[in-house]
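Each residue of the first sequence is one higher than the one before, starting from 4 at the first, in the working numbering. Note that CB positions come from ideal geometry on N, CA and C, so glycine has one too. First up is the structure itself, then whatever we jot down about it.
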Amino acid sequence: MYDHKEIEKKWQEKWRKSGVFEYKGADDPRPKYYMLEMFPYPSGRLHMGHVRNYSIGDVVARYYFRKGFNVLHPIGWDSFGLPAENAAIENKIPPAKWTYANIDNMRERFYQLGFSYDWSRETATCRPEYYRWEQKFFIEMFNRGLVYKKNSEVNWCPKCNTVLANEQVENGICWRHGCPVEKRKIEQWYFKITEYAQELLDCLDKLPGWPDNVKEMQRNWIGRSVGTYIDFKFADSDETATVFTTRPDTLMGVTFVSMAVEHEFTAKFLEEAPNRAEMQAFIDEVKRLHLETRDENYEKKGFFTGKYLIHPLTGEKIPLYFANFVLAGYGTGIVMAVPAHDQRDFDFAKKYDLPIKIVIQPEDKPLAEPLTEAYTEPGILVNSGIFDGTKSTDAKKRISDYVIKEGKGRIGINYRLRDWGISRQRYWGTPIPMINCPKCGTVPEKIENLPVRLPENVEFSGVTSPLKDMPEFYETTCPVCGGKATRETDTMDTFVESSWYHMRYCDPKSPDAPFSRREVDHAMPVDQYIGGVEHAVMHLLYTRFFTKVLADLGYVGFREPVKNLLTQGMVCMESYSNDSGYLYPDEVYKKDGKYFTVSDDSPVNVGRVEKMSKSKKNVVDPLQLIDKYGADTARLFVLFAAPPEKDLEWSEDGVDGCNRFLFRVWNIVVPNAEIINKLKPLDKVDGAAKELWSKTHETIKKVGDEIERFHFNTAISAIMELVNATYKFKPETEDDKAVLAESLRTIILLLNPFAPHITEELAEICGMEQIVSTPFPTFSDEALVKDEMTIVIQVNGKLRDKISVSTSATAAEVEALVRAKDFSKFLKSGEIKKVIYVPGKLVNVVG
RNA sequence: GCCGGAGUGGUGAAAUAGGUAGACGCACUGGACUCAAAAUCCAGCGGGGGCGACCCCAUACCGGUUCGAUUCCGGUCUCCGGCACCA
Numbered sequence: 004m005y006d007h008k009e010i011e012k013k014w015q016e017k018w019r020k021s022g023v024f025e026y027k028g029a030d031d032p033r034p035k036y037y038m039l040e041m042f043p044y045p046s047g048r049l050h051m052g053h054v055r056n057y058s059i060g061d062v063v064a065r066y067y068f069r070k071g072f073n074v075l076h077p078i079g080w081d082s083f084g085l086p087a088e089n090a091a092i093e094n095k096i097p098p099a100k101w102t103y104a105n106i107d108n109m110r111e112r113f114y115q116l117g118f119s120y121d122w123s124r125e126t127a128t129c130r131p132e133y134y135r136w137e138q139k140f141f142i143e144m145f146n147r148g149l150v151y152k153k154n155s156e157v158n159w160c161p162k163c164n165t166v167l168a169n170e171q172v173e174n175g176i177c178w179r180h181g182c183p184v185e186k187r188k189i190e191q192w193y194f195k196i197t198e199y200a201q202e203l204l205d206c207l208d209k210l211p212g213w214p215d216n217v218k219e220m221q222r223n224w225i226g227r228s229v230g231t232y233i234d235f236k237f238a239d240s241d242e243t244a245t246v247f248t249t250r251p252d253t254l255m256g257v258t259f260v261s262m263a264v265e266h267e268f269t270a271k272f273l274e275e276a277p278n279r280a281e282m283q284a285f286i287d288e289v290k291r292l293h294l295e296t297r298d299e300n301y302e303k304k305g306f307f308t309g310k311y312l313i314h315p316l317t318g319e320k321i322p323l324y325f326a327n328f329v330l331a332g333y334g335t336g337i338v339m340a341v342p343a344h345d346q347r348d349f350d351f352a353k354k355y356d357l358p359i360k361i362v363i364q365p366e367d368k369p370l371a372e373p374l375t376e377a378y379t380e381p382g383i384l385v386n387s388g389i390f391d392g393t394k395s396t397d398a399k400k401r402i403s404d405y406v407i408k409e410g411k412g413r414i415g416i417n418y419r420l421r422d423w424g425i426s427r428q429r430y431w432g433t434p435i436p437m438i439n440c441p442k443c444g445t446v447p448e449k450i451e452n453l454p455v456r457l458p459e460n461v462e463f464s465g466v467t468s469p470l471k472d473m474p475e476f477y478e479t480t481c482p483v484c485g486g487k488a489t490r491e492t493d494t495m496d497t498f499v500e501s502s503w504y505h506m507r508y509c510d511p512k513s514p515d516a517p518f519s520r521r522e523v524d525h526a527m528p529v530d531q532y533i534g535g536v537e538h539a540v541m542h543l544l545y546t547r548f549f550t551k552v553l554a555d556l557g558y559v560g561f562r563e564p565v566k567n568l569l570t571q572g573m574v575c576m577e578s579y580s581n582d583s584g585y586l587y588p589d590e591v592y593k594k595d596g597k598y599f600t601v602s603d604d605s606p607v608n609v610g611r612v613e614k615m616s617k618s619k620k621n622v623v624d625p626l627q628l629i630d631k632y633g634a635d636t637a638r639l640f641v642l643f644a645a646p647p648e649k650d651l652e653w654s655e656d657g658v659d660g661c662n663r664f665l666f667r668v669w670n671i672v673v674p675n676a677e678i679i680n681k682l683k684p685l686d687k688v689d690g691a692a693k694e695l696w697s698k699t700h701e702t703i704k705k706v707g708d709e710i711e712r713f714h715f716n717t718a719i720s721a722i723m724e725l726v727n728a729t730y731k732f733k734p735e736t737e738d739d740k741a742v743l744a745e746s747l748r749t750i751i752l753l754l755n756p757f758a759p760h761i762t763e764e765l766a767e768i769c770g771m772e773q774i775v776s777t778p779f780p781t782f783s784d785e786a787l788v789k790d791e792m793t794i795v796i797q798v799n800g801k802l803r804d805k806i807s808v809s810t811s812a813t814a815a816e817v818e819a820l821v822r823a824k825d826f827s828k829f830l831k832s833g834e835i836k837k838v839i840y841v842p843g844k845l846v847n848v849v850g
């Protein structure tokens, strides 16, 4: 009888003790394979997303182990971060204690799922042995000018009580809490990721193993645009206002210029303005709007600066306006306005009654005046002096070149990407290793004094970081002058830790370096990385950046961390609710397609299928599932129900089906244990058993191919087919039995990466070697060769017949057989015009 | 608005390079075993027509390329995701 509880525990203990999954390092002669799943935050609660993510990785790792690779399959904990702090505030437990307890708990859960990790490399980012190296990187980056401090407007989450990076804000909403983000002006540390913008963009083209959507998301995020800087002289001074534009073809249509109120010119304009109070009021209003608002589609408003500029080509006087929609941080903060060909400028011109000058006409018919909206399509230039008649697409370059030749402009490239703000005004993170000295300013801690340790025994009196109230932490001496100084009390964004953990895994215990260059260059890049798509522009962009920095600092000899990326879909489920709110799945039952509560049989509303979430109670606890069906069933289901990159819809019936399949395997293998033990595979099989023999070897080929393509669902279905075939097969001779034995043995070996416990147990029952140390089976070409093949006969592309012919039949022979048949009633002309033969597959008769 | 991706039975999904559409699973139906039920095993299962070996329709919709299109091309619709006052 298949008893998953006993079997799974037994094998988990064996694997834990044996160290079979340990990576052997750079000295091992075998080819390496680095299999990595995004490491978890140790929340203490395992959810189905974890089960799915790590099950996918485990199949691949176990496959490559048995294919003879030196596999690095590590695990660790992304253990700094806010939840620990929030728990500390609520429950009065120090974050360190809470975190370490959760790690212990999650480690047990991972054992329970039978994952093939190299536990000897387990790493937690909240340990000083880990984050000390991050502090060293920080200082070296600082010395290289890749880190700087800036007082600027940032995103502030009132719930997190800290600053967030641009990447951590989605539509003005905190990525964690879903609460609105405020704007605040705060001094904080930045990583100069913009310095790498071009390389981050260019290298995307060299990552064929990444999904297109992730690459596209990163391209969007980096947001490169090429254009022209054009200088406009002030009418009343020698100063210049430079604009950035991607539409130099519309330069002759400029009727005003708009600028951001945050621009450095503003102070001077205010001073000189006769209506200073009014201007100040406008500026304050716009700034307030920028700080508070999340909806960016507010009404366009402006204010005349009192200044005029000279158009660089026509010499006309052009008014300069403040405009609330001009972004200070993009381009130069000043924009040339072409109301006829830009909708924002059009709206603005209408409101303030500014001239609208058409300079591009569509090729077919001229625009009807007055315009009702801006014309933004390409066309032919008009009202543009020497450029009249030029196609607007050509005029971009012509006008740009002309302006540059006149010395009034230059080519410019702008990125949407902003520098990465990494300061967090929170406690549970890596201390930023910087010191403020009244005499020497802000200076880095001495390398030999690292790590700057985060005190772990702390008490929270409120939401603010306890570090700010701990003189024993922040009081120090200046590493330069030796005088009294104070430490930085902000900590780093936890995305810094996750930017390089995959490299630490290569040499996780190194006491005097973050990792050995030799080991990291050998094991990296990660051959296969697996995680959720939600990290497409956060973690995955940061870690690419960090890798390039570490390469430039001489730590690593590669510039991209991940060769192949798989973004797995979410685990989803319908939700249930009634008047009193959401209900857990085990509080309802189904009858005739409708749902009712268990408690009082009242009807239940069914919500749409969405990501499992605690708030909607549409969750299944992996622990209950493992308890009821076992880890093998849980793993098999998440792999079988959908391809890994798609969302997976949870279905209890589907789980049941997978469990049933494992029983079917058990029930056919165990009675045949003796023949599996005794009978050796045959080199050649003829007669009745040939079909099963071929099927067995076809399945070996298919399962291997499908695992390598990440089509686990079809790999599993191929094994199911083979199991079904063994059920149908009734052996009569000794040879028949040998074929059956081989099939069953093969099923155990192929199924192992998906369901490792039951297959090891069956192997033991059948007297086979332990599967972890048994190579993945290979197929015999001989078995794949068939005597007969089925040729499909189409007439004009429609299936009409099938014939069975010898595999050695020539095209002429097949064609003759087909022509001998009568297909006249399907032929339009009544006679055969042409016969197309696709060797081994089909014949299409055309006529 | 711009940029990606997807749309296949009652249902989760297959179809690797344009070649038998719906493998495998679930649900359902029937049968065997059983006093009975469960479990298990066996069989059927896109829609329509015919007693029938068979025929017609069908991969969101319209059109094209091709001997042949779920697959390639153009257009339309819907859904999902990313970016968005970026000049």
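Other residues of its chain near residue i: CB distance less than 8 Å, five sequence neighbours each side excluded
i: Ala263; result: Phe325, Ala326, Val329, Leu330, Ala331, Gly336, Ile337
i: Phe664; result: Leu639, Met723, Val726
i: Lys188; result: Asn154, Ser155, Glu156, Val157
Neighbour-count burial assignment, residue i, 16 or more Cβ in a 10 Å radius
i: Gly770; result: exposed
i: Arg279; result: exposed
i: Arg250; result: buried
i: Glu563; result: buried
i: Ile703; result: buried
i: Asn460; result: exposed
i: Ala539; result: buried
i: Cys182; result: exposed
i: Thr546; result: buried
i: Ser811; result: exposed
i: Pro528; result: buried
Cβ separation of residue i and residue j, assumed to be a contact under 8 Å, to the nearest whole Å
i: Leu75; j: Ala526; result: 5 Å
i: Val668; j: Trp696; result: The pair is not a contact, with the Cβ atoms about 19 Å apart (cut-off 8 Å).
i: His50; j: Pro625; result: 7 Å
i: Asn105; j: Pro45; result: 4 Å
i: Phe757; j: Ile435; result: Actually they do not touch by this definition, with Cβ atoms about 45 Å apart.
i: Asp578; j: Lys619; result: Note that residue 578 is Ser in the sequence shown here, rather than Asp. With a Cβ gap of about 4 Å, Ser578 and Lys619 count as contacting.
i: Glu137; j: Glu500; result: 6 Å
i: Lys310; j: Asp350; result: Wrong, their Cβ atoms sit about 22 Å apart, outside the cutoff.
i: Leu576; j: Trp653; result: Rather than Leu, the amino acid found at residue 576 in this sequence is Met. Contact flag correct, Cβ pair sits at about 4 Å.
For residue i, the first and last residue of its enclosing beta strand (DSSP E)
i: Lys152; result: 150-160
i: Gly535; result: 531-535
i: Asp804; result: 801-809
i: Trp192; result: 185-194
i: Tyr585; result: 584-586
Segment limits, alpha helix (DSSP H) that includes residue i
i: Thr749; result: 737-754
i: Met576; result: Where Met576 is concerned, there is no enclosing alpha helix (DSSP H), although the beta strand (DSSP E) it sits in stretches over 574-576.
i: Asp61; result: 51-69
i: Asp784; result: 784-787
i: Met144; result: 131-146
Own chain partners of residue i with C-beta closer than 6 Å, once the 5 adjacent residues on each side are dropped
i: Arg124; result: Pro77, Tyr508, Pro511
i: Val744; result: The sequence shown places Ala at residue 744, rather than the Val named in the question. Excluding sequence neighbours, Ala744 sits near Ile678, Ile679, Leu682.
i: Asn108; result: Gly47
Any non-hydrogen atom of the ligand PLP within 7 Å of residue i CB
i: Asn662; result: Within the structure as shown, the ligand PLP is missing, as the structure has no ligands at all.
Own chain partners of residue i with C-beta closer than 7 Å, once the 5 adjacent residues on each side are dropped
i: Ile196; result: Leu420, Asp422, Trp423, Phe548
i: Gly212; result: Lys566, Asn567, Leu568
Could you tell me which whole beta strand (DSSP E) segments of length 3 or greater appear in the stretch 336-396?
The stretch 336-396 contains these whole beta strand (DSSP E) runs: 337-340.
Completely contained beta strand (DSSP E) runs for the stretch 188-275, where each covers 3 or more residues:
Runs found: 228-237, 243-248, 259-262.
If we require 3 or more residues per run, which beta strand (DSSP E) segments fall completely within the stretch 447-519?
Taken in chain order, the complete beta strand (DSSP E) segments of 3 residues or longer contained in the stretch 447-519 are 478-480, 487-490.
Let me know the beta strand (DSSP E) ranges lying completely inside the stretch 532-572, each 3 residues or longer, listed in chain order.
Runs of the beta strand (DSSP E) inside the stretch 532-572: 568-571.
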